[in-house]
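>
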Amino acid sequence: MNIYVSNLSFHTTEETLKTLFAQYGNVSSVRLITDKFTGSPRGFGFIEMSSEEEGNAAITGLNNKDVEGRSLAVSVARPKPDNNTSGRRW
DNA sequence: ACTGAGCGG
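Residues are numbered in the working numbering as their position in the first sequence, beginning at 1, plus a constant of 82.
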């Protein structure tokens, strides 16, 4: 279950998200998108959970949640484009 | 090296 989370504080780290999402299910992976030059968290990231139900529970529970002074924006991540092995084929 | 809409590897 790929989950997209944004509107994070610039001080928010992976462990913070990990702790928050772990409350609603098993977090498979946590990836914070960092800047290329400064290496600081850009304010958004991706969360992978073990199951879809846990992901929905995390989204429902953590969306618009106040974290470090910012309201989290949690939603389902978009499918990434692929050369030819990607879902819809038209 | 920075800042506030946002979808990465």
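Glycine is no exception: its CB is placed at the ideal position from the N, C-alpha and C atoms.
Determine the closest residue to residue 94 out of 115, 85, 109 and 158, with distance taken between C-alpha atoms.
It is 115.
> Quick one, are the C-beta atoms of residue 143 and residue 87 less than 8 Å apart?
No, Cβ-Cβ distance for residue 143 and residue 87 is not below 8 Å.
> Compare the C-alpha of residue 108 against each of 122, 117, 84 and 119 and name the closest.
The option with the nearest alpha carbon to residue 108 is 84.
> Does DSSP put residue 84 in a helix, a strand or coil?
Correct three-state label for residue 84: strand.
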